[in-house]
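Residue numbers (the numbering used here): 1 to 302.
The structure appears right after this line, and notes come after that.
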Ligand SMILES: [Zn+2]
Ligand SMILES: [Zn+2]
């Protein structure tokens, strides 16, 4: 029980927060595009094109330097793709965090942007324990300056919740995730992608704490919401399918988990490729759930 892996922690679509790694690395062929592929910002095929979001086809390739320029005009671009609304991950995420820190390092010691950029840089390198006190300081300043329900404050609350989760501080994480969810429901509405990310995190934390009755309605709600807002073919929607399957499997109902895992595997293969970590995890989850049901389950795969 409780040993299968949720997907949302790997590639959450939180629009503003710096969601911790481990996250999927871009597949090698995706960071070395060939032919007519070009950057969606500068429209050139200059070297060092990368991708690190849910955009597919040639749409997702971009230069880190072009995104840095865009982020100086719209700070949300430091974190998420304006097209697919997914947080950047992998090489692109690290590149942006490094560039943000290089710019912020020249700011006055103790400035909030310098602090936030340093925290984001540490987080992008997987240094979660070091990042926590910096994010706590950013959150305290946000609360004092902006109030508890400001969007930036709620982003800081959510970010800290994710970090605590990554550091295995589940109860601390759940408390903050609930605060972010309640605040975003009130200020942004139930269908906002940020609200849905908070909802997903609360659901996952309940699963990991084996609080299945609390997790179930949230996992359903986030899946339905992402279907409405992002569509069935969005990787975050499929993350939610996987999370619901994990919930069913962990609470001892693998027969309900199996068809959901099958769906997640099919979509992950199409959206991410056969060797992406999320695809491999979905396949592993499907295999384990199937084996746990004995011969009847194995017939499902036949
Ligand atoms: Zn470019
Ligand atoms: Zn995108």
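No residue lacks a Cβ here, since even glycine has one placed at the ideal position from N, Cα and C.
Whole-angstrom C-beta distance between residue 189 and residue 154, which should lie under 8 Å: Not confirmed; about 13 Å, so no contact.
With 16 other Cβ atoms within 10 Å as the buried cut-off, status of residue 228: exposed
C-beta contact flag for residue 304 and residue 200 at 8 Å: Limits of the chain in this structure are 1 at one end and 302 at the other, which puts residue 304 out of reach.
Cβ shell of residue 128 (< 7 Å), same chain only, five flanking positions each side left out: 20, 163, 166 and 167
Alpha carbon of residue 285 to alpha carbon of residue 111, nearest angstrom: 45 Å
Assumed close pair residue 51, residue 96 - CB separation to whole angstroms, cut-off 8 Å: Their Cβ separation, rounded to whole angstroms, is 13 Å, which puts residue 51 and residue 96 out of contact at 8 Å.
Sequence-distant residues of its chain with Cβ nearer than 7 Å to residue 137 (five each side left out): 115
Three-state class that DSSP yields for residue 292 in the structure shown: helix
Touch test, the stretch 81 to 92 against the stretch 101 to 108, Cβ-Cβ under 8 Å, three pairs minimum: no
Host alpha helix (DSSP H) of residue 76 (start-end): Run containing residue 76: none; DSSP gives neither H nor E here.
For residue 53, the nearest candidate out of 260, 78 and 214 (CA to CA): 78
Rounded straight-line distance, which links the Cα of residue 145 to that of residue 290: 52 Å
Distance cut-off 7 Å: residue 42 Cβ against heavy atoms of ligand 1: yes
Residue 51 (DSSP reduced to helix, strand or coil): coil
Assigned secondary structure, residue 192 (DSSP; H/G/I helix, E/B strand, else coil): coil
Test item, CB below 6 Å from any non-hydrogen atom of ligand 2: 53, 54, 55, 60, 81, 83, 84 and 86
beta-carbon residue 66 near ligand 1 non-hydrogen atom, thresh 7 Å: yes
Residues sharing a beta bridge with residue 87, DSSP: 80
Boundaries of the alpha helix (DSSP H) in which residue 251 is found, first to last residue: Per DSSP, residue 251 belongs to no alpha helix (DSSP H) and is neither H nor E.
Residue closest to residue 233, alpha-carbon to alpha-carbon, out of 292, 272, 74 and 46: 272
Heavy atom of ligand 1 within 7 Å of residue 132 beta-carbon: no
Residues that residue 62 bridges to, as DSSP identifies them: 50
Outcome for residue 254 when other beta-carbon atoms lying within 10 angstroms are tallied against a minimum of 16: buried
Where residue 42 falls, given that 16 or more other Cβ within 10 Å makes a residue buried: exposed
Sequence-distant residues of its chain with Cβ nearer than 7 Å to residue 268 (five each side left out): 238, 276, 278, 279 and 282
For residue 101 and residue 125, believed in contact at Cβ under 8 Å, the rounded distance: With 8 Å as the limit, residue 125 and residue 101 do not qualify as a contact, their Cβ atoms being about 10 Å apart.
Rounded separation between residue 55 and residue 236 - CA only: 12 Å
Buried/exposed call for residue 208, threshold 16 Cβ in 10 Å: buried
Helix, strand or coil at residue 282 [DSSP, three-state]: helix
Reduced DSSP secondary structure (H/G/I, E/B, other) of residue 17: Note that residue 17 scores a pLDDT of 34, beneath 50, so its modelled location is shaky; the value from the coordinates is reported in the next line. Coil, per DSSP.
Nearest neighbour of residue 210, chosen from 49, 240, 247 and 47 [CA to CA]: 247
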